[in-house]
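Some notes on the structure that comes next.
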Amino acid sequence: AEEVIKQLDSGGRVDIKRKVELKKSSEKVFEAIFAYSGRLYYRNLSDGRIEILVIGTKNSQVKDLSFLETL
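Residue numbers for the sequence shown follow the working numbering, beginning at 9 and rising by one.
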């Protein structure tokens with residue numbers, strides 16, 4: 009996760025697995041994969057910064073997506 013966060017912070021390229029569609033919001037949330045089963049969810053802020061929303065694993069994906077729906 010640390011390597012992906014550093015790449016996001018420095019403006020580097022990060023492989024995005026998918027764009028997560030939220031039901032209650034038109035907010036763009038992206039899912040990036042790291043290691044074997046790690047997942048990092050983030051969004052781009054209007055001032056150009058990146059906000060990390062959730063760091064989880066394949067096993068916590070359902071819980072992570074439920075949390076994202078509350079944003």
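We put the beta carbon where it would ideally sit given N, CA and C, even for glycine.
query                                                                     : result
Distance cut-off 7 Å: residue 42 Cβ against heavy atoms of the ligand FAD : Annotation note on the ligand FAD: not contained in the displayed structure, which lists no ligands.
Buried/exposed call for residue 11, threshold 16 Cβ in 10 Å               : exposed
Proximity to residue 67 [Cα-Cα], best of 9, 45 and 60                     : 45
Under 8 Å between C-beta atoms of residue 31 and residue 77               : yes
Pairwise C-alpha distance: residue 70 and residue 13                      : 22 Å
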